[in-house]
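**Q** Numbering follows the UniProt record's numbering, with no gaps: position 200 of the sequence shown is 200. Structure in structure tokens, see below.
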Amino acid sequence: MPRSKDIQEQMRTEVIEIYQSGKGYKAISKALGLQRTTVRAIIHKWQKHGTVVNLPRSGRPTKITPRAQRRLIREVTKDPRTTSKELQASLASIKVSVHDSTIRKRLGKNGLHGRFPRRKSLLSKKNIRARLKDCQDFWENTLWTDESKVELFGRQMSRYIWRKRNTAFQKKNIIPTVKYGGGSVMVWGCFAASGPGRLAAIDGTMNSTVYQKILKENVRPSVRQLKLKRSWVLLQDNDPKHTSKSTSEWLKKNKMKTLEWPSQSPDLNPIEMLWHDLKKAVHARKPSNKAELQQFCK
């Protein structure tokens with residue numbers, strides 16, 4: 001049997017208003033062109049619930065009880081390889097009969113979705129410990145290096161503000177900017193797992209000769225300061241100054257072992273996070289000139 005057409009809320013309100021004026025079911029039915037049984041149902045609902053708005057319907061009750069749901073989640077958490085058919089059989093043992101698609105939907109609502117597992121080499125616990133130790137020993141013995149520009153004013157000063165719509169250009173909601181950042185200093189820095197090493201300011205244009213001088217004056221003192229082992233490795237990016245023929249020969253002559261680094265991979269160098277922290281701390285001190293800027297960086 002098809003569902004009867006729903007009466008609009010405005011029409012139901014009119015039924016109640018006419019009823020409250022003292023008219024009976026027959027008169028209301030004739031005035032509004034509704035079935036007498038429909039009028040009676042609207043009035044009874046209003047008398048019982050005090051409203052003519054559609055109330056939430058209960059719908060079909062779920063077959064999976066809270067207890068059955070907890071069982072499903074517990075089983076797939078314990079063994080992610082359990083199939084929906086196996087879960088169906090498990091629920092049948094507690095007299096809950098549902099389709100396996102129902103089980104998948106219920107798990108999905110709880111954030112558990114069927115996915116293909118990732119594949120990786122089978123490692124014993126001994127192999128895992130050995131690999132981890134090798135990684136720790138290697139990275140703890142790595143000296144990370146890089147250059148960065150620190151500006152007096154610039155994007156490093158950006159922050160969030162609370163404001164209303166159409167107030168973006170009010171004086172209190174803007175940050176003044178200066179052309180070319182108001183001056184800046186270029187710095188070279190390094191750090192290892194044990195802490196930060198030396199920081200050197202770069203005067204003028206950075207080229208291979210200047211870079212080699214910075215390495216000569218700062219790398220080995222930083223290695224001693226950070227107490228790296230004799231097998232320490234220097235890590236630098238693929239900037240042309242770092243990989244030039246003269247720099248490569250200088251590194252080889254001075255017995256500084258470098259780690260090969262993939263191109264376009266600045267995100268792999270954790271010194272980028274160190275630069276972020278440095279700039280944040282420097283600008284919190286509000287340097288007013290380049291001399292103070294350099295001093296605060298160090």
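Yeah, the Cβ is synthetic: ideal placement off N, Cα and C, and Gly gets one too. These figures come from a predicted structure and were not determined experimentally.
(1) Kindly indicate which three-state DSSP category Gln156 falls into: helix, strand or coil?
(2) I need the boundaries of the alpha helix (DSSP H) containing Met186, first residue and last residue.
(3) Of the residues Ser93, Ala192, Asp237 and Gln225, which one's Cα is nearest the Cα of Tyr211?
(4) With burial defined as no fewer than 16 other Cβ atoms inside 10 Å of the residue's Cβ, what is the status of Leu123: buried or exposed?
(5) In terms of residues, what are the limits of the alpha helix (DSSP H) holding Ile214?
(6) Are at least three pairs of beta-carbons, each pair with one atom in the region 160 to 169 and one in the region 271 to 290, less than 8 Å apart?
(7) Are the beta-carbon atoms of Ala192 and Leu234 separated by less than 8 Å?
(8) From Leu293 to Leu278, what distance separates their C-alpha atoms?
(9) The beta strand (DSSP E) spanning Val233 covers which residue range?
(10) So, using beta-carbon positions, are Lys184 and Glu151 closer together than 8 Å?
(11) Can you check whether the CB of Trp46 is closer than 8 Å to the CB of Ile16?
(12) Quick test of the definition: if touching needs 3 or more C-beta pairs under 8 Å, does the region 101 to 118 touch the region 72 to 80?
(13) Are the CB atoms of Ile64 and Val96 nearer to each other than 8 Å?
(14) CB-CB under 7 Å to Phe296, same chain, minus the five flanking residues each way: which ones, in chain order?
**A** Reading from the atomic positions:
(1) Position 156 of the sequence shown, counted from the first residue, corresponds to residue 156. Note on Gln156: pLDDT 46, under 50, position unreliable in the model; the coordinate value appears next. Three-state result, Gln156: helix.
(2) By one-based count along the sequence shown, residue 186 stands at place 186. Met186: not part of any alpha helix (DSSP H); member of the beta strand (DSSP E) spanning Ser184 to Ala192, first to last residue.
(3) Numbered from 1 along the sequence shown, position 211 holds the residue referred to as residue 211. Here the closest residue by C-alpha is Asp237.
(4) In the sequence shown, counting from the first residue as 1, residue 123 sits at position 123. Classification for Leu123: exposed.
(5) Here residue 214 refers to the residue found at position 214 of the sequence shown. Element bounds for Ile214: Ser208 to Leu226.
(6) Counting C-beta pairs with one atom in each stretch, the region 160 to 169 and the region 271 to 290 have fewer than three that are closer than 8 Å, which means they do not touch.
(7) Counting from 1 along the sequence shown, the entry for residue 192 is found at position 192. Counting from 1 along the sequence shown, the entry for residue 234 is found at position 234. The answer is no: Cβ separation not under 8 Å.
(8) Your numbering for residue 293 matches position 293 in the sequence shown. Your numbering for residue 278 matches position 278 in the sequence shown. Taking the CA atoms as reference points, Leu293 sits about 11 Å from Leu278.
(9) Looking up residue 233 in the sequence shown gives position 233. It spans Val233 to Leu235 - the beta strand (DSSP E) in which Val233 sits, taken as one unbroken run.
(10) Here residue 184 is taken as the residue at index 184 of the sequence shown, counted from 1. Here residue 151 is taken as the residue at index 151 of the sequence shown, counted from 1. In the sequence under discussion, the amino acid at residue 184 is Ser, which differs from the Lys named in the question. Cβ atoms of Ser184 and Glu151: closer than 8 Å.
(11) Your numbering for residue 16 matches position 16 in the sequence shown. Your numbering for residue 46 matches position 46 in the sequence shown. Contact flag set, yes.
(12) Yes: the two stretches touch, three or more of their Cβ pairs being nearer than 8 Å.
(13) Taking the first residue of the sequence shown as 1, we reach residue 64 at position 64. Taking the first residue of the sequence shown as 1, we reach residue 96 at position 96. Yes, Cβ-Cβ distance for Ile64 and Val96 is below 8 Å.
(14) Taking the sequence shown and counting its residues from 1, one reaches residue 296 at position 296. Once the five neighbours on either side are set aside, the close Cβ partners of Phe296 are Val282, Arg285 and Pro287.
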